[in-house]
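In our numbering, the protein residues as written are 1 to 904.
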């Protein structure tokens with residue numbers, strides 16, 4: 001090594017590299033020695049991080065993988081002993097380690113733990129928990145007590161299974177000892193118990209038939225990257241753990257648990273004979289016995305799919321359940337299998353052919369209840385033993401095995417049994433597991449696997465559609481995942497010319513859901529008529545709804561009416577009547593249309609549209625479009641159309657913005673133009689709307705439209721459905737117009753007759769208490785300078801904002817005739833003092849400036865003096881009078897004030 005000629009470099013764990021050989025290290029095989037204080041019994045490597053876990057008596061030791069940078073061109077691997085888990089009276093037979101999860105087995109016990117990272121604050125809590133663990137340890141039977149005169153017996157404890165917090169009762173106290181050098185990045189861990197399970201030996205009246213021990217404990221990770229649609233090479237290198245599974249086995253039965261977000265027993269595997277070893281993969285469980293290599297299906301992909309998407313079992317997506325019976329895929333005969341391992345699609349099998357009599361070997365070895373009676377096996381030098389063989393078995397590709405399983409499932413197809421669904425579900429899970437594999441993105445079979453996945457979904461959809469099964473509703477999500485159109489599904493399931501064909505619930509469920517949703521597919525005339533026939537036979541009650549689907553646009557209306565008339569005799573309804581009217585419109589039979597529409601009142605018909613909104617509107621790619629029915633109602637019954645749309649909004653069948661689009665498309669107006677029918681809808685919705693946010697939005701919209709029309713002197717293109725008087729009488733958000741507003745409009749130059757309704761509606765809105773004036777000010781801005789209209793609007797806004805003095809100034813400046821009417825209406829209660837503090841001085845000042853030229857001010861002043869003289873005491877009244885005033889003018893009011901005082 002000093003000369004640089006050695007091909008092997010041996011170095012101690014954690015020791016610093018020596019410069020003498022660091023330069024040639026790239027050309028050497030590097031061996032890292034890991035010193036242990038106790039002999040190692042078992043070892044496991046984490047497939048996610050590369051960390052090592054070594055099992056010793058009463059403890060397991062964790063070695064963390066490190067990357068050491070020797071220089072810019074050389075990085076080597078090293079390990080650091082970072083954590084020791086001390087466990088009293090536990091001798092690990094096998095350990096498994098993955099993503100900080102630890103599975104430990106003894107002969108008959110299984111313990112699954114998780115190392116949970118905690119903050120520095122949790123250290124104190126962990127220290128407090130130690131005495132509790134110690135207490136658990138002390139409660140158990142001590143080793144010394146067990147050894148007293150009991151060496152001749154085996155103590156059998158009861159089988160037990162503990163999960164979660166209950167695991168702390170397992171009497172296996174664990175103490176953590178951190179051995180890594182403390183740094184800023186040092187992680188503090190605590191132990192979380194996940195599962196403890198204890199088994200008992202197989203027993204018979206004569207003793208133990210076979211030696212019962214656990215074997216083949218394994219933690220299997222399933223990653224998220226492979227199934228990600230946006231995954232690429234960069235994300236593939238950063239695999240994200242999705243689910244984790246733990247497998248362990250007894251000689252005749254194996255157990256598969258999910259230990260990710262929760263601990264759940266997924267499958268139990270019963271072997272036909274005693275097993276020697278088992279290996280779990282995401283797709284299969286391989287088991288060797290004394291003569292066979294067996295292959296079983298697994299449910300890991302089903303559990304992982306649900307971990308990835310908790311909403312997978314819906315009308316959009318589905319996955320076969322975890323509770324399916326386990327299938328044996330293959331049993332291959334080998335002579336003397338001894339050891340088994342797995343890499344990708346290869347199985348490596350080690351066998352040993354024995355020469356002794358087979359019948360002798362098959363005799364069960366009986367062991368009595370004495371520990372000392374164990375037979376001692378003779379040992380020979382394995383180098384001189386003949387019969388050792390190593391097999392590398394290339395497993396069948398996923399696509400090929402999938403095809404075989406699909407072909408085999410067809411033998412059960414005609415008898416319509418659950419076996420067909422079971423086999424296809426296994427094939428589906430097989431493909432799903434391959435797609436979830438991180439190597440899927442680089443797989444040569446990628447396209448084939450995706451096709452197989454969609455094909456398996458289609459086959460499962462066929463099964464749930466054809467078979468009478470309790471899970472018939474799964475036909476819908478499986479067909480959706482298959483990517484098949486409705487026409488393609490109809491071709492798969494409907495026989496040509498078979499009028500007597502029966503249809504199961506799954507098929508009807510798929511068709512009804514597909515037709516009732518907003519699909520872009522439009523069935524041909526033949527397919528639409530076939531669907532009409534199917535529902536007429538299988539579920540006639542749904543026909544009125546089915547005929548309203550956009551997919552059924554090409555259905556024969558005459559045939560549809562005939563079917564509806566047959567149904568009407570036993571199941572009449574408003575929706576059915578509207579559906580008949582819809583078909584009559586398609587046929588151009590207006591007489592039949594009018595007859596159907598006259599059979600119910602408008603309010604009942606409006607409720608009928610709520611029962612089936614597709615009669616009026618349809619959605620294509622999320623955009624609402626009106627139907628021919630809606631176009632017809634717009635011309636002949638706009639009131640019914642508006643009432644029906646209001647009912648749809650109040651029953652959450654249409655949003656406010658969607659209604660805007662609906663009416664604009666209906667009236668063929670541009671995006672920025674508001675048709676009168678939309679304003680009618682807003683006004684009608686104000687009558688019934690109870691949501692404050694929607695209410696304020698509606699008030700702003702109608703206000704904006706009124707202001708726009710008044711300012712532009714624009715007339716509505718159609719006659720409004722409601723006048724201002726109708727709205728005042730029917731809607732609390734429209735108030736009676738104040739007298740002083742009427743006075744302003746009478747004095748000024750009112751809007752023409754054509755714009756009177758919009759002005760009245762606007763003033764009525766401003767006279768109510770519903771509209772938020774502060775938010776409406778920008779909307780009202782265009783009317784600010786519009787003569788008497790603008791004055792009325794400005795004074796109304798000032799009054800609603802509580803600015804009464806400002807309102808008085810505006811009136812005295814623009815329309816003094818209305819000042820007294822305003823004061824009589826608005827200046828009451830706590831605003832009463834404005835009569836003498838604001839109005840009287842202002843009138844006096846203005847009258848003095850203008851003199852007799854303004855009789856309106858003099859008249860207003862007299863009216864004001866009458867009110868003030870009535871309200872105030874004589875002394876207070878005198879103090880308000882101007883010093884330069886004419887006594888003759890104020891004398892009558894002074895006399896009135898003094899007389900009122902004498903009378904009281």
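For each residue, glycine too, the CB sits at the ideal point set by N, CA and C.
Cβ pair residue i, residue j closer than 9 Å
i	j	result
residue 319	residue 325	no
residue 245	residue 269	no
residue 348	residue 390	yes
residue 546	residue 520	no
residue 243	residue 263	no
residue 666	residue 634	yes
residue 44	residue 53	yes
residue 612	residue 579	yes
residue 706	residue 758	yes
residue 283	residue 300	yes
residue 528	residue 551	yes
residue 721	residue 642	yes
residue 102	residue 110	no
residue 571	residue 541	yes
residue 768	residue 735	yes
residue 626	residue 680	no
For residue i, the three-state DSSP class (helix, strand or coil)
i	result
residue 199	coil
residue 905	This structure leaves residue 905 out entirely; the chain is present only between 1 and 904.
residue 767	helix
residue 66	strand
residue 268	strand
residue 112	strand
residue 105	strand
residue 73	coil
residue 193	strand
residue 341	strand
residue 145	Reliability of the predicted coordinates at residue 145 is poor, the pLDDT of 44 falling under 50, and no value is obtained from them.
residue 96	strand
residue 13	coil
residue 571	coil
residue 506	helix
residue 32	strand
residue 660	helix
residue 605	helix
residue 731	coil
residue 668	coil
residue 394	strand
residue 158	coil
residue 252	coil
Neighbour flag for residue i against chain B, beta carbons, 9 Å
i	result
residue 597	The structure shown contains no chain B, having only a single protein chain.
Near the ligand MG: residue i beta-carbon under 8 Å from a heavy atom
i	result
residue 816	As presented, the structure is devoid of all ligands, the ligand MG included, so that no description of it is given.
Outcome for residue i when other beta-carbon atoms lying within 10 angstroms are tallied against a minimum of 16
i	result
residue 88	buried
residue 774	exposed
residue 15	exposed
residue 536	buried
residue 112	buried
residue 466	buried
residue 807	buried
residue 682	buried
residue 792	buried
residue 117	exposed
Which residues DSSP lists as bridging residue i, in chain order
i	result
residue 619	624
residue 536	Paired residue(s): none; residue 536 is not in a bridge.
residue 388	352
residue 174	87
residue 313	Partner(s): none; residue 313 has no beta bridge.
Inter-stretch contact (C-beta, 8 Å, three-pair minimum) for the stretch 395-412 and the stretch 424-434
Touching, yes, given that three or more Cβ pairs across the two stretches are closer than 8 Å.
Tell me, please, whether the stretch 461-481 touches the stretch 442-452 by the rule of three or more beta-carbon pairs shorter than 8 Å.
The stretch 442-452 and the stretch 461-481 do not touch, with fewer than three beta-carbon pairs separated by less than 8 Å.
Sufficient close CB pairs (3 or more, under 8 Å) joining the stretch 607-625 to the stretch 589-598:
Counting Cβ pairs under 8 Å, fewer than three are found: no touch.
Count the C-beta pairs between the stretch 761-778 and the stretch 694-711 that are closer than 8 Å, then say yes if the count reaches three, no if not.
Yes, since at least three Cβ pairs between the stretch 761-778 and the stretch 694-711 fall closer than 8 Å, the two stretches touch.
Any contact of the stretch 58-75 with the stretch 156-169, i.e. 3+ C-beta pairs under 8 Å?
Contact between the stretch 58-75 and the stretch 156-169 is absent, because fewer than three Cβ pairs lie under 8 Å.
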